[in-house]
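Taken in sequence, the protein lines are chains A and B.
Counting from 30, one number per residue, gives the positions in the first sequence under our numbering.
Counting from 84, one number per residue, gives the positions in the second sequence under our numbering.
Cβ atoms here follow ideal geometry from the backbone N, Cα and C, with glycine treated the same way.
As the structure is a prediction and not an experimental result, all values here were calculated from the model.
Just below is one structure, and these are the notes that go with it.
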Amino acid sequence: MGQGPERHLNRREVLALGALGSAAAAEAVSGHDGMLGGPIRRYTDTLQWNEGLTDAPEAAEAGGGWRYLNDGEVGFLTAAVDRMIPPDPTGPSASEAGVVVFLDRQLAGEYGQGARFYLEGPWGKGTESQGYQSRFTPAQFYRHAIAAVEKAVGHSENGKAFKDLAADRQDALLKKMESGDLQLDGPITSKAFFAFFLQNVLEGYFSDPIYGGNKDAAAWKMIGFPGAHYDYSEWVTAYNQPVPVETVGLTGRNAWNRG
Amino acid sequence: MAKAMPKVDVVLVGFGWTGAILAQQLCDAGLTVLALERAASRTTPDNWATTFDQDELRYMWRHHLFQNVKYSTLTFRNNVNQTALPMRHLGSFLPGTGVGGAGIHWNAQIWRWLETDFKLKSHNEARYGKQATADLTLQDMPVTYQELEP
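Here you go:
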């Protein structure tokens, strides 16, 4: 044997050696630039991909027209979401970014139909920690809540609809909904509706454009998030640096599609 | 009528990470093992492909890979003075489903055990007396820290 004393590698040394080996292998394929100029890693001959059988997301239906919302609801939602996220020089308003389209497609689809909600008895008012205890699907919840809000608004604002009020009145009403001070007829409190609605507005503004909101990935561009790239691992330690790559959603880019 | 199946040495309920590791060990030991798994299989390329697994809406907010409480949920209350009500959608905890359903969204920090973690019964008895541990269901592990230390 060599000059050194004969010995077995312990586990830690083997791991360290493995890391060295990978670095050497990566060096060998340099010339392919990753995002930061690192080598592209290739994984082949592993698991099969079954085209057409993948659990891919379903895109929101494109095209105009509403799948669930009626005109009055569209009017209320458009006005309300644009007070939550108004247009400004940094980015589009919620409705410009397609949030109302997102809400419509979500409520028309399996989310709105309560596909993942348990909606059988026993029923009770419940405590705050017992969470959602409404008998309504999310779609029904919106329908009843918006009708109740518009009724309350009509009483306090001389019969006007929410969308026809001045922005500061709309803001005041939204704040009363958030705190629960706006009294609504029926089983839904304004506070419960506002919390539900706010969550869905944020989802619509920031989730993948495939679902109808975040149009042209405008919300992602605004915050500097480049989207659904396969791999950000090269950037993990690049703290506080912009990531100057093209923003991309789950549908990818045309260049990635087969001709 | 119940259908009688051939007898096996071991039946595993669930065939995720834990079940698969156990099955390997038990089969290696020469036992006949049957694993029951209620849900469909999943594979990386088909179920969380790099082309769509970045989807926060579907996976985080819509609970796409988790158990669907529409079909089976549980009731809960925070104290005996309340009336238990069904959990109508997932929130405070996220039970998985499918093969390896818990494993695929598992995340945690696993700290290396202390030497005393392997012998909680004898350690606490030595330190606090038998009286202190009388009501506890403590046991020492059959292996020691020294045996497992890398």
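Nearest-angstrom Cα distance between A:Glu-56 and A:Tyr-234?
With a pLDDT of only 38 at A:Glu-56, under the threshold of 50, the placement of this residue in the model should not be trusted; the figure read from the coordinates follows. Taking the straight line from one Cα to the other gives about 41 Å.
Curious, which full-length alpha helix (DSSP H) runs of at least 4 residues does the region 184-243 of chain A contain?
If we require 4 residues or more, the alpha helix (DSSP H) runs fully inside the region 184-243 of chain A come out as 196-208, 219-235.
Quick check on this structure: which residue in A:Ala-181, A:Asp-260, A:Leu-136, A:Tyr-240 has the alpha carbon closest to the alpha carbon of A:Gln-199?
Of the listed residues, the one whose Cα sits closest to A:Gln-199 is A:Ala-181.
Which two residues bound the contiguous alpha helix (DSSP H) that contains B:Leu-215?
The sequence shown places Ala at residue 215 of chain B, rather than the Leu named in the question. 213-216 is the span of the alpha helix (DSSP H), which, as asked, contains B:Ala-215.
Would you mind reading off the limits of the beta strand (DSSP E) that contains B:Val-116?
Where B:Val-116 is concerned, the enclosing beta strand (DSSP E) stretches over 116-119.
DSSP puts B:Lys-202 in a beta bridge; with which residues?
DSSP lists B:Asp-223 as partners of B:Lys-202.
So which residues on chain A does B:His-188 lean against when the C-beta distance must stay under 8 Å?
By Cβ distance, chain A contributes nothing, its closest Cβ being about 15 Å from B:His-188, past 8 Å.
Kindly indicate which residue of B:Pro-128, B:Thr-126, B:Leu-105 has the alpha-carbon position closest to the one of B:Ala-118.
It is B:Leu-105 whose Cα lies nearest to the Cα of B:Ala-118.
From what residue to what residue does the alpha helix (DSSP H) around A:Val-103 run?
Where A:Val-103 is concerned, the enclosing alpha helix (DSSP H) stretches over 100-113.
How far does the alpha helix (DSSP H) with A:Val-130 in it reach, from first residue to last?
Where A:Val-130 is concerned, the enclosing alpha helix (DSSP H) stretches over 128-137.
Listed from N- to C-terminal order along the chain, which residues in the region 161-175 of chain B have their beta-carbon within a distance smaller than 8 Å of any beta-carbon of chain A?
Those residues of the region 161-175 of chain B that come within reach of chain A (Cβ to Cβ, closer than 8 Å) are Asn-161, Gln-165, Thr-166, Leu-168, Pro-169, Met-170, Arg-171, His-172, Leu-173, Gly-174.
If the cut is a Cβ gap below 9 Å, which residues of chain B does A:Trp-249 touch?
Result: empty, since nearest Cβ-Cβ is about 11 Å, beyond 9 Å.
Secondary structure at B:Pro-169, three-state DSSP: helix, strand or coil?
If DSSP states are grouped into helix, strand and coil, B:Pro-169 belongs with the strands.
I want to see whether chain A comes within less than 7 Å of B:Val-182, judged by CB atoms only; does it?
Judged by the 7 Å Cβ criterion, B:Val-182 is not in contact with chain A.
Measure the CB-CB distance between B:Thr-156 and B:Met-143 and report whether it falls below 7 Å.
Against a cut-off of 7 Å, the Cβ pair of B:Met-143 and B:Thr-156 comes out as no contact.
Write down the C-beta distance between B:His-188 and B:Leu-140 rounded to the nearest angstrom, noting that I regard them as a contact closer than 8 Å.
Not a contact, Cβ separation roughly 15 Å.
Helix or strand or just coil, what does DSSP make of A:Asp-245?
Helix, per DSSP.
Give the interface partners of B:Glu-232 over in chain A, defined as CB-CB distance under 7 Å, in chain order.
The contacting residues do not exist; B:Glu-232 stays about 10 Å from chain A at best.
Chain A partners of B:Asn-130, CB-CB under 9 Å?
Those within 9 Å of B:Asn-130 in chain A are Thr-83, Asp-84.
Name the chain A residues that come within less than 9 Å of B:Gln-241, Cβ to Cβ?
Because chain B in this structure spans residues 84 to 233, residue 241 of chain B falls outside the shown range and cannot be described.
Check each candidate in A:Lys-220, A:Leu-202, A:Tyr-240, A:Leu-211 and name the one with the smallest Cα separation from A:Gly-92.
Closest option to A:Gly-92, Cα to Cα, is A:Tyr-240.
Under 8 Å between beta-carbons, which chain B residues line up against A:Leu-136? List them in chain order, please.
Within 8 Å Cβ-Cβ: nothing; A:Leu-136 doesn't reach chain B, min ~13 Å.
What does A:Gly-253 touch in chain B if you count any residue whose Cβ is under 7 Å from its own?
Within 7 Å Cβ-Cβ: nothing; A:Gly-253 doesn't reach chain B, min ~16 Å.
Can you tell me whether A:Glu-232 is buried or exposed, with buried defined as 16 or more other CB within 10 angstroms of its CB?
A:Glu-232 comes out buried.
Considering only residues of the same chain and omitting the five flanking positions on each side of B:Val-182, which have a CB-CB separation below 8 Å?
The answer, listed in chain order, is Phe-98, Gly-99, Glu-120, Ala-122, Ala-123, Ser-124, Arg-125.
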